[in-house]
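Counting from 0, one number per residue, gives the positions in the sequence shown under numbering that gives the first Met the number 0. Read through the structure below, which is laid out as C-alpha cells, and then see the notes.
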Amino acid sequence: MKYAFLSAIIALLFSSSSHAQNEQPRFVDAKFIMQPSDRIYVNQTIELMLKVRPVGVNIGQDFNLSGMPDDDTLMKLEEFKEVSASDETLNGVTYKPRVFRCRFRPLKPGKIQINAELGISLLSRRKSFFGANVTHRSRHTVKVDPFRLVVSNIPQSNVPDGFENAVGELDLQVMIEPAQVDVGELVNITSTVRGDGYLDDISSIGIESNNLFRVYPSQLLEERDIFKSFRQTIVVKGTNSTEVPAVSFSFFDPKKGVYRTITRGPFPLTFRKAKDIAIEKFQPKEAIKSSVKPEEDVNEGLSSAAGSKTATSNDLAVLSDDESMYFAPSHASLTTAEIPGGKTVRILDKQGDWYKIEYQNNRGWIPAMAFSEERHVNR
Numbered sequence: 000m001k002y003a004f005l006s007a008i009i010a011l012l013f014s015s016s017s018h019a020q021n022e023q024p025r026f027v028d029a030k031f032i033m034q035p036s037d038r039i040y041v042n043q044t045i046e047l048m049l050k051v052r053p054v055g056v057n058i059g060q061d062f063n064l065s066g067m068p069d070d071d072t073l074m075k076l077e078e079f080k081e082v083s084a085s086d087e088t089l090n091g092v093t094y095k096p097r098v099f100r101c102r103f104r105p106l107k108p109g110k111i112q113i114n115a116e117l118g119i120s121l122l123s124r125r126k127s128f129f130g131a132n133v134t135h136r137s138r139h140t141v142k143v144d145p146f147r148l149v150v151s152n153i154p155q156s157n158v159p160d161g162f163e164n165a166v167g168e169l170d171l172q173v174m175i176e177p178a179q180v181d182v183g184e185l186v187n188i189t190s191t192v193r194g195d196g197y198l199d200d201i202s203s204i205g206i207e208s209n210n211l212f213r214v215y216p217s218q219l220l221e222e223r224d225i226f227k228s229f230r231q232t233i234v235v236k237g238t239n240s241t242e243v244p245a246v247s248f249s250f251f252d253p254k255k256g257v258y259r260t261i262t263r264g265p266f267p268l269t270f271r272k273a274k275d276i277a278i279e280k281f282q283p284k285e286a287i288k289s290s291v292k293p294e295e296d297v298n299e300g301l302s303s304a305a306g307s308k309t310a311t312s313n314d315l316a317v318l319s320d321d322e323s324m325y326f327a328p329s330h331a332s333l334t335t336a337e338i339p340g341g342k343t344v345r346i347l348d349k350q351g352d353w354y355k356i357e358y359q360n361n362r363g364w365i366p367a368m369a370f371s372e373e374r375h376v377n378r
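Encoded structure:
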C-alpha cells in the first residue's frame, strides 16, 4: 500500500566529553503517514498517523501537536489517539516509536495546507547538588514540513438515482420479517448500510410504492459510526403479492473512483394455508354509545411511521395516505369504508397499534401508522 511520508527532522544532539569519539545517533524525528495517499475526495474518511522516533534519547509522555486546522467548514478532524507499536532498530540502536492515529474527513474540494509543530519533552539523568540521580526534562519542538492535500469533488456525471452523498467502502444487508404471511399482514423490511465511510446524509432506504403492497415510509431504526439501519413497514394486499421488491442503495467508492449500486432481493413470500389461519372475534373493552367527551383521555401515545404524538379522546388527526377503515383492529377484518389521504378524522379509542375513529358518521379501526405526526390537528 502506498503511503505519503511528510516529515521534518530536528536533530537533538547531546555533547558528552567521555563519549565524543564514538557517538551513536541521537535524535527525534516525526513523520505524518497518510492512508490512502492517492486521490482524495470530499467526505472520504482519511487515516492520518503521526510516528515519532526517539533514537538514542528518552522522551516524556506529554506531547503537544499544534498547527492543525480548526476550521469546521474545511475538514472534520478527530483527536489523535496513541496506538501500540513494535521496537525498531536504526544503525544498531533499538528504540520504541510512538505512534498516534486520527481520522479526518474533507468537507469541500480544494487545497488544504497544514503547518504543524510537535512539542516534546527530552528526558536525561543528571546528578543533583547532593549527588543523587535526578531526571531532567527539557522542552523541544519538532517542526513538520507543510502538509499539502488536494481534495477532489465526487463526479457530477452518471450519478445514480437515489444517491444521498454516501461515500466509502460500504455494503447493504436487507432482511424481511415475516416471510410467511397472509393477506392484510404487516411485513417489516430492515435495511442496514455498513462499512467505513460517510453515512450522515442517508435519510431513507426502502422500496417504492406499488400496487401489490400498501407501502409506508422508511424510518431510521439505529445508527452508529459504522452502520445505519432503516425499517419500512408494508401491508400485503392480496395473494398475488408473492415477493417483496428488491432494495437498492447507491454510494461513491473513493478507492475505485466510481459510483456503485448494491441491490438485495427480491424476497419471496409464502402464504399460510387457510386451515392454519385463526382469527379471533374482536371484543371491545366497552361500547361507545356516542362521541367520547373531551375530558375522557385515551392517555396513550399516537404512534405513526413518522414519529409519535400524544392523542386524547375527541382529538382530530390527518391521514398521511389513503386508508381503509376496518370493522375490527386487524387487517384480516372486513373493511367498512375507504378514507382518502389528507382527510381529518376524530379519534375515539385505542387498542394496541390501532385507533378507533369516526369519519363522516362512520366508525371503524385504522392502523396507527396511518397518521402523520406533522399533520396532527389540535382541537
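Where is the CB? At the ideal position from N, CA and C, for every residue including glycine. Here the structure is a predicted model, which means the values were calculated and not measured.
Contact under 8 Å by Cβ, residue i with residue j
i      : j      : result
LYS342 : TYR358 : yes
GLY340 : ASP314 : no
LYS50  : PRO96  : yes
ILE39  : ILE32  : no
ALA165 : ILE201 : yes
CYS101 : GLU78  : yes
PRO105 : GLN43  : yes
6 Å CB neighbourhood of residue i in its chain, flanking five on each side removed
i      : result
GLN172 : THR191
GLN112 : PRO145, ARG147
GLY256 : none
ARG362 : none
ASN152 : VAL41, PRO108
ALA245 : THR262, GLY264, PRO265
GLY66  : ASN114, ALA115, GLU116
LYS227 : VAL192, LEU198, ILE201
THR335 : MET324, PHE326, GLY363
Supposed close pair residue i, residue j - CB separation, criterion 8 Å
i      : j      : result
VAL56  : LEU121 : 6 Å
PHE103 : LYS80  : Incorrect: roughly 13 Å between the Cβ atoms, too far for contact.
PRO159 : THR262 : About 11 Å; that fails the 8 Å criterion.
ASP195 : GLY167 : 5 Å
ILE119 : VAL27  : 6 Å
TYR94  : ARG52  : 6 Å
GLU184 : VAL243 : No, GLU184 and VAL243 are not in contact; Cβ-Cβ is about 12 Å, not under 8 Å.
ARG271 : GLN179 : 6 Å
THR189 : LEU219 : THR189 to LEU219, Cβ: 12 Å. No contact.
Bridge partners - residue i, DSSP secondary structure assignment
i      : result
MET67  : DSSP, once it has assigned bridges, lists no residue as partnering MET67.
VAL173 : SER190
ASP195 : GLU168
TYR325 : THR334, TRP364
ASP252 : VAL257
TYR40  : SER151
GLU87  : TYR94
GLY118 : ASN63, THR140
LYS342 : DSSP output for LYS342 lists no bridge partner at all.
PRO108 : In the DSSP output, where bridge partners are listed per residue, PRO108 has none listed.
GLN267 : The sequence shown places Pro at residue 267, rather than the Gln named in the question. Beta-bridge pairing links PRO267 to GLU242.
LEU220 : Paired residues: none, contrary to the question.
PHE370 : LEU318
Straight-line Cα distance separating residue j from residue i
i      : j      : result
ASP170 : PHE248 : 9 Å
ASN157 : TYR258 : 8 Å
ILE233 : SER85  : 54 Å
ALA327 : ARG193 : 40 Å
VAL150 : ASN210 : 45 Å
ARG138 : LEU64  : 13 Å
SER312 : TYR354 : Reliability fails at SER312, whose pLDDT of 49 lies under 50, so the model's placement of it is uncertain and the value that follows must be treated cautiously. Approximately 10 Å, taken between the alpha carbons.
PRO381 : GLY59  : Look at the range of the chain in this structure, 0 to 378, and you will see that residue 381 is not part of it.
VAL317 : LEU47  : 52 Å
TYR215 : ASP71  : 37 Å
PHE229 : SER217 : 6 Å
ALA29  : SER83  : 16 Å
VAL186 : ASP224 : 28 Å
GLY91  : VAL98  : 21 Å
PRO177 : PHE370 : 24 Å
PHE250 : ASP37  : 20 Å
MET368 : GLN231 : 11 Å
SER208 : PRO366 : 18 Å
HIS18  : LEU89  : The pLDDT assigned to HIS18 is 43, lower than 50, so where the model puts this residue is not dependable, and the model offers no usable value.
ILE204 : LEU347 : 34 Å
ASP252 : PHE62  : 35 Å
PRO73  : ASN360 : According to the sequence displayed, residue 73 carries Leu and not Pro. Going from the Cα of LEU73 to the Cα of ASN360 covers about 60 Å.
ASN239 : HIS330 : 17 Å
VAL54  : THR140 : 16 Å
C-beta neighbour in chain D for residue i, strict 8 Å
i      : result
GLY118 : Absent here is chain D; the protein component of the structure consists of one chain.
Contacts around residue i, its chain only, beta-carbon distance under 7 Å, and the 5 residues preceding and following it disregarded
i      : result
GLY237 : VAL182
THR241 : PRO267, LEU268
ARG213 : ILE233, VAL234, LYS236
LYS254 : GLU168
ARG345 : ASN313, LEU315, ILE356, GLU357
8 Å CB neighbourhood of residue i in its chain, flanking five on each side removed
i      : result
GLU337 : ASP321, GLU322, SER323, MET324
GLY351 : PRO328
TYR197 : ASN42, GLN43, THR44, ARG104, ASN164, ALA165, VAL166, GLY167
LYS110 : ARG147, LEU148, VAL149, VAL150
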